[in-house]
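Residue numbers (the numbering used here): 1174 to 1336.
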Ligand SMILES: [Zn+2]
């Protein structure tokens, strides 16, 4: 957003995941309640930062978590609407944030590791149980991901013993 040919710094928007949005670290700095002052400098007003407080990694990761949640939700909405390319793009952005900030992807976000499409069972993915494994097939690119459900089986066993 530009006001009078320069960036408007009065609106800190920390949860702005779109292309062209601020970097995570810059957003954390904006959200930490610091403002710019305008000072006259050789006849022209100049914006100078009031203070340079350090932005912690915790703040950056908090914003990353917010943006990833937004992107995953948007990706799922787009997939349900049928815009799969856009859905993949959103999920890819969320994954990139995850890689860069070492924040795990949001809980329960189901996506294809190969084409990063959001997987909605019944729409573009097939879930099958076979050989004590959950097989999740991506119907977009055909990749399969298998995960054993050993822990759940064990829990059931202990439940039986308690009875
Ligand atoms: Zn895929």
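A virtual CB, placed ideally from N, CA and C, is assigned to each residue, including glycine.
How many angstroms separate the CA atom of residue i from the CA atom of residue j?
| i | j | result |
| --- | --- | --- |
| residue 1302 | residue 1229 | 44 Å |
| residue 1313 | residue 1281 | 20 Å |
| residue 1317 | residue 1295 | 15 Å |
| residue 1310 | residue 1265 | 18 Å |
| residue 1286 | residue 1241 | 16 Å |
| residue 1246 | residue 1328 | 31 Å |
| residue 1263 | residue 1326 | 35 Å |
From the DSSP secondary-structure annotation, give me the bridge partner or partners of residue i.
| i | result |
| --- | --- |
| residue 1277 | BP columns for residue 1277 are empty, so no partner. |
| residue 1257 | Residue 1257 is not bridged to any residue. |
| residue 1309 | 1300, 1318 |
| residue 1263 | According to DSSP, which records beta bridges pairwise, residue 1263 is partnered with nothing at all. |
Any idea what DSSP makes of residue i, helix, strand or coil?
| i | result |
| --- | --- |
| residue 1229 | coil |
Exercise for the section: Evaluate the contact criterion for the region 1283-1299 versus the region 1321-1330: three or more CB pairs, one atom per stretch, below 8 Å. Expected result: Note that the region 1283-1299 does not touch the region 1321-1330; fewer than 3 beta-carbon pairs, one per stretch, sit closer than 8 Å.
Practice task
Any chance you could list the residues with Cβ under 6 Å from a heavy atom of ligand 1, keeping chain order?
Solution key: So the residues near ligand 1 by this Cβ test are 1285, 1287, 1288, 1290, 1311, 1313, 1314, 1316.
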